[in-house]
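**Q** Provided herewith is a single structure, encoded as structure tokens, for subsequent inquiry.
Number of protein chains: 2
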Amino acid sequence: MSTIELAPRLSADGFRQELFTRGLLFATGVDGLYGRSATFESLVDAVDRLIGRLSADDKAEIMRFPPIMTRSGFEASGYFKNMPQLVGTVHCFCGDDREHKRVLACTPEEGGWTAAQQPADVVLTPASCYPVYPIIAARGRLPEEGWLVDSSSYCFRREPSIDPARMQMFRQREQVCFGTPERIRAFQSHWMSRALEMFRLMGLPATTDLANDPFFGRPGLLMANGQRSQRLKFEILVPISDPDRLSACGSFNYHVHHFADAYGISGADGEAAHTGCAGFGLERVALALLRQHGFDIEAWPEAVRTTLWPRA
Amino acid sequence: MSTIELAPRLSADGFRQELFTRGLLFATGVDGLYGRSATFESLVDAVDRLIGRLSADDKAEIMRFPPIMTRSGFEASGYFKNMPQLVGTVHCFCGDDREHKRVLACTPEEGGWTAAQQPADVVLTPASCYPVYPIIAARGRLPEEGWLVDSSSYCFRREPSIDPARMQMFRQREQVCFGTPERIRAFQSHWMSRALEMFRLMGLPATTDLANDPFFGRPGLLMANGQRSQRLKFEILVPISDPDRLSACGSFNYHVHHFADAYGISGADGEAAHTGCAGFGLERVALALLRQHGFDIEAWPEAVRTTLWPRA
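Chains as they are written, first to last, in this note's numbering: chain U, 5 to 316; chain F, 5 to 316.
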């Protein structure tokens, strides 16, 4: 772990208040759900482009997704089995005039106007790599050298919090790698180094560490331990809301053949492929920059500004 | 209505197939839900920036939103009363280990794993102007001259269709105007002229026409007639999928004091403000460009390319 230089010592609550007072984020009344100002968006955009420049030579296939995915693709992933508390399903009204009239008259105890909502064939996307797997699977066996996708989407996680770094909807930019175990391990370790260099260029005091997903319930503890002991998940961490605690801004994951089995993704030899992903939470990186360098972007260190907004 | 020059005469189905075959959109197995390629995104981005350049002098306040909004803000709008068939509500799992185990064992007849999903305090955003109203209302009375917001978000409409121009999730860029009836009518008419000019610059054979929202059921007919007779809604139309039919790429709406009453938005004089919006469906404009000028963007007319990608 490298040394951490602490950002200006505003409390977590003070930092949150400043984001609203200065109009960087717009409060909505629901924790974790915010509108974004032009300034905040320009930061998210700059971070997104920086990731694109640092990985341009990888020649990944670019895929961008809307924030919902197919229910069948979601079900195959096993996500609801592992992290049901984070899931958002999409429900619709399929009734006629009469049914409409009925639900409009429903009391809150009867379920109110949502009383007749039925699960649709789509769900909110939990991570931007999930819609990628069915598309790659449908193409048949991978080429000999494997494949690389650069994906991005808004993602949903049901974890309301007053911490602005824990949003219910946020954007992920995620690289997804398909191939042999050696290729995935090399991809994972390459992205960890690259991410540390990227955060150094942004003037952010980042470290990487072993991590685990927030698996649900008692059986989840076992899964978390397994994930750690196999060194499958690493995160890149910086202080954001609370200057004394670290928040993950990205993760570097080796899925072994979990997704290949789930979606039927085969390598050139016909065996289940191995997969991995390296993703960044763009809002979190933008917030980390504000926390570290302050709210006056014009006054940020010149080297940081040139990294984010290089002269053409 | 101006004369319509027809785009290359590919059938609607042929056009759709080309979008997939050429890798511009990625099929997901759900109609109206597609991944986007780098090329398609570059078109959406260029259209978005063009709208920004054409309206830069308006000095609107920029707000960008994630694709969900608060349920309370959505309920105030009356949208479910008017267009329940288009709504997507978000539902979550709030149970414990035992409940989780129970729903994982539910048969499809029992509702499967979604059996215990409960409505959350958020819903999918139906139009990018909806999250704006509660924010403006919370600020108190409008300034004397009114207010102008430039909003954008992914939006959801439950209308699965094989027509690629009818997506379930698509991006809207929408200007929202608050003020006197005179200001809103001037805003509406100014944006109709500006949109026609914008489409002319993009080489698209656009027309504008009176329109109505797809109000639900029998009472909806009455509302649609009222909207038309008061000339509250206009659309800008171009051929997209079917070369012989027109699709709306944008709309210009005068809400009278509907939203001001719904959200409590007052003018400088304390009376309910009037509101209007002018919005574009970015994916539709991108598709209209492909339909009109063909799939080889390098070969598009130089004037169109310069409009979309001006030299710095």
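Ideal placement from N, C-alpha and C gives every residue a C-beta, glycine not left out. Predicted model only: the values in this text are computed from it and were never measured.
Can you tell me whether Q179 (chain F) is buried or exposed? The criterion is at least 16 other CB atoms within 10 Å of its CB, across all chains shown.
**A** To locate residue 179 (chain F), count along the second sequence from 1; it is residue 175. Buried.
**Q** So that I know if they touch, is there some Cβ in chain U lying closer than 7 Å to that of H104 (chain F)?
**A** As a working note, residue 104 (chain F) is residue 100 in the second sequence. By this cut-off, H104 (chain F) is an interface position.
**Q** What are the boundary residues of the beta strand (DSSP E) that includes M67 (chain U)?
**A** As a first step, residue 67 (chain U) must be located in the first sequence, where it is residue number 63. Segment 65-68, the beta strand (DSSP E) holding M67 (chain U).
**Q** Quick one: does Q179 (chain F) have its CB under 7 Å from some CB of chain U?
**A** Here residue 179 (chain F) is taken as the residue at index 175 of the second sequence, counted from 1. Closer than 7 Å: no.
**Q** So, is the C-beta of F42 (chain F) closer than 7 Å to a C-beta in chain U?
**A** The residue labelled residue 42 (chain F) in the question sits at position 38 within the second sequence. Before going on, a small fix: residue 42 (chain F) reads as Ala here, not Phe. Judged by the 7 Å Cβ criterion, A42 (chain F) is in contact with chain U.
**Q** If you measure between the beta carbons of D35 (chain F) and I166 (chain F), is that distance less than 7 Å?
**A** Within the second sequence, the letter at position 31 stands for residue 35 (chain F). Within the second sequence, the letter at position 162 stands for residue 166 (chain F). Going by C-beta atoms, D35 (chain F) is nearer than 7 Å to I166 (chain F).
**Q** State the Cα-Cα distance for the pair W117 (chain U) and V136 (chain F), rounded to the nearest angstrom.
**A** Start at 1 with the first residue of the first sequence, and residue 117 (chain U) comes out as number 113. Start at 1 with the first residue of the second sequence, and residue 136 (chain F) comes out as number 132. Straight-line Cα distance between these residues: approximately 23 Å.
**Q** Check the Cβ-Cβ distances between V94 (chain F) and every residue of chain U, and say whether any is below 7 Å.
**A** As a position in the second sequence, residue 94 (chain F) is number 90, starting the count at 1. Yes, because at least one Cβ of chain U sits closer than 7 Å to the Cβ of V94 (chain F).
**Q** Contact between the segment 113-128 of chain U and the segment 86-103 of chain U is defined here as three or more beta-carbon pairs at a separation below 8 Å; is this criterion met?
**A** Judged by Cβ distances under 8 Å, the segment 113-128 of chain U makes contact with the segment 86-103 of chain U, as three or more pairs qualify.
**Q** Report all residues from its chain with a CB closer than 8 Å to the CB of P88 (chain U); omit the five preceding and five following residues, and keep chain order.
**A** Counted from its first residue, the first sequence places residue 88 (chain U) at position 84. Closer than 8 Å at Cβ, skipping near neighbours: F220.
**Q** Is I301 (chain F) close to chain U, meaning its C-beta is less than 7 Å from at least one C-beta of that chain?
**A** For the purposes of this step, residue 301 (chain F) is taken as the residue at position 297 of the second sequence. Taking Cβ atoms only, chain U never reaches closer than 7 Å to I301 (chain F), which makes this a no.
**Q** Could you give the first and the last residue of the continuous beta strand (DSSP E) run that contains V242 (chain U)?
**A** Taking the first sequence and counting its residues from 1, one reaches residue 242 (chain U) at position 238. That run of the beta strand (DSSP E) goes 237-243.
**Q** Suppose only complete runs of 4+ residues qualify. What are the alpha helix (DSSP H) ranges in the segment 41-127 of chain U, listed by chain order?
**A** Correct list: 42-58, 75-81, 83-86, 101-108.
**Q** Give the residues from the segment 212-234 of chain F that approach chain U closer than 7 Å (Cβ to any Cβ), ordered along the chain.
**A** So the list reads F220, G221, R222, given in the order they occur along the chain.
**Q** Does the segment 180-198 of chain F come within contact of the segment 137-150 of chain F, defined as at least 3 CB pairs closer than 8 Å?
**A** At 8 Å Cβ cutoff, the stretches touch.
**Q** Based on Cα-Cα distance, which residue from F:P71, F:C159, F:P185, F:K63 lies nearest to A276 (chain F)?
**A** Counting from one through the second sequence, the residue named residue 276 (chain F) turns up at place 272. Out of F:P71, F:C159, F:P185, F:K63, F:P185 has the C-alpha closest to the C-alpha of A276 (chain F).
**Q** Apply the 10 Å Cβ neighbour rule to L108 (chain U) and answer buried if 16 or more other Cβ atoms are within range, or exposed otherwise.
**A** Working through the first sequence from its first residue, we reach residue 108 (chain U) at position 104. L108 (chain U) should be labelled exposed.
**Q** Comparing C-alpha positions only, which one of F:L312, F:A292, F:G283 sits nearest to A131 (chain F)?
**A** Position 127 of the second sequence, counting from 1, holds the residue named residue 131 (chain F). The residue with the shortest Cα to Cα distance from A131 (chain F) is F:G283.
**Q** Is any beta-carbon of chain U found at less than 7 Å from that of D17 (chain F)?
**A** Counted from its first residue, the second sequence places residue 17 (chain F) at position 13. With 7 Å as the cut-off, D17 (chain F) does not count as an interface residue toward chain U.
**Q** Counting Cβ pairs, one atom from each stretch, are 3 or more of them under 8 Å apart for the segment 167-175 of chain F and the segment 189-203 of chain F?
**A** Judged by Cβ distances under 8 Å, the segment 167-175 of chain F makes no contact with the segment 189-203 of chain F, as fewer than three pairs qualify.
**Q** Please report the straight-line C-alpha distance between E306 (chain F) and A120 (chain F), rounded to a whole angstrom.
**A** The count along the second sequence starts at 1 and reaches residue 306 (chain F) at position 302. The count along the second sequence starts at 1 and reaches residue 120 (chain F) at position 116. Cα to Cα, the separation comes out at about 56 Å.
**Q** Please return the same chain residues whose Cβ sits closer than 6 Å to the Cβ of A228 (chain F), not counting the five positions on each side in sequence.
**A** As a first step, residue 228 (chain F) must be located in the second sequence, where it is residue number 224. The residues are N216, F219.
**Q** To which residues does DSSP link F256 (chain F) through a beta bridge?
**A** Working through the second sequence from its first residue, we reach residue 256 (chain F) at position 252. The partner list for F256 (chain F) (beta bridge, DSSP) reads F:F238, F:A282.
**Q** Is it buried or exposed, E302 (chain F), if we count other Cβ atoms within 10 angstroms and call 16 or more buried?
**A** As a position in the second sequence, residue 302 (chain F) is number 298, starting the count at 1. Answer is exposed; the Cβ neighbour count stays below 16.
**Q** How about the segment 281-300 of chain U and the segment 47-59 of chain U: do they share at least three Cβ pairs that are nearer than 8 Å?
**A** Yes, the segment 281-300 of chain U touches the segment 47-59 of chain U.
**Q** I need the DSSP call for F191 (chain U), collapsed to helix, strand or coil.
**A** Taking the first residue of the first sequence as position 1, residue 191 (chain U) is located at position 187. Here F191 (chain U) sits in helix by DSSP.
**Q** For G39 (chain U) and R68 (chain F), what's the separation of their Cα atoms in angstroms?
**A** On the first sequence, residue 39 (chain U) is found 35 positions in, with the first residue counted as 1. On the second sequence, residue 68 (chain F) is found 64 positions in, with the first residue counted as 1. Rounded to the nearest angstrom, the two C-alpha atoms are 6 Å apart.
**Q** Below 6 Å CB to CB, which residues in the same chain sit around L236 (chain U) once its five sequence neighbours on both sides are set aside?
**A** Here residue 236 (chain U) refers to the residue found at position 232 when the first sequence is read from its first residue. Same-chain partners within the cutoff: Y258.
**Q** Tell me which residue opens and which closes the alpha helix (DSSP H) that T32 (chain F) is part of.
**A** To locate residue 32 (chain F), count along the second sequence from 1; it is residue 28. Neither: T32 (chain F) is in no alpha helix (DSSP H) and is coded neither H nor E.
**Q** Would you say W117 (chain U) lies against chain F (beta-carbon separation less than 7 Å)?
**A** The residue you call residue 117 (chain U) lines up with position 113 of the first sequence. True, the Cβ-Cβ gap to chain F drops below 7 Å.
**Q** Can you pull the DSSP bridge partners for G183 (chain F)?
**A** Locating residue 183 (chain F) in the second sequence gives position 179, where the first residue counts as 1. Bridge partners of G183 (chain F): F:H278.
**Q** Considering only the beta carbon of each residue, do A266 (chain U) and R145 (chain U) sit closer than 7 Å?
**A** Position 262 of the first sequence, counting from 1, holds the residue named residue 266 (chain U). Position 141 of the first sequence, counting from 1, holds the residue named residue 145 (chain U). For A266 (chain U) and R145 (chain U), no; Cβs fall outside 7 Å.
**Q** I want to verify the contact list: residues of chain F whose CB lies under 9 Å from the CB of A316 (chain U), in sequence order.
**A** The residue given as residue 316 (chain U) occupies position 312 in the first sequence. Those within 9 Å of A316 (chain U) in chain F are A316.
**Q** Quick check on D101 (chain U) - is its C-beta less than 7 Å from some C-beta in chain F?
**A** Here the question's residue 101 (chain U) lines up with position 97 in the first sequence. Output row for D101 (chain U): interface = yes.
**Q** Beta carbon of R177 (chain F), beta carbon of I66 (chain F): below 7 Å?
**A** The sequence position of residue 177 (chain F) within the second sequence is 173, counting from 1. The sequence position of residue 66 (chain F) within the second sequence is 62, counting from 1. Result no, Cβ atoms of R177 (chain F) and I66 (chain F) do not sit closer than 7 Å.
**Q** For F30 (chain U), return the contacting residues in chain F, with the cut-off set at a CB-CB distance below 7 Å.
**A** Mapped onto the first sequence, residue 30 (chain U) falls at position 26. Here the neighbours are M67, I139.
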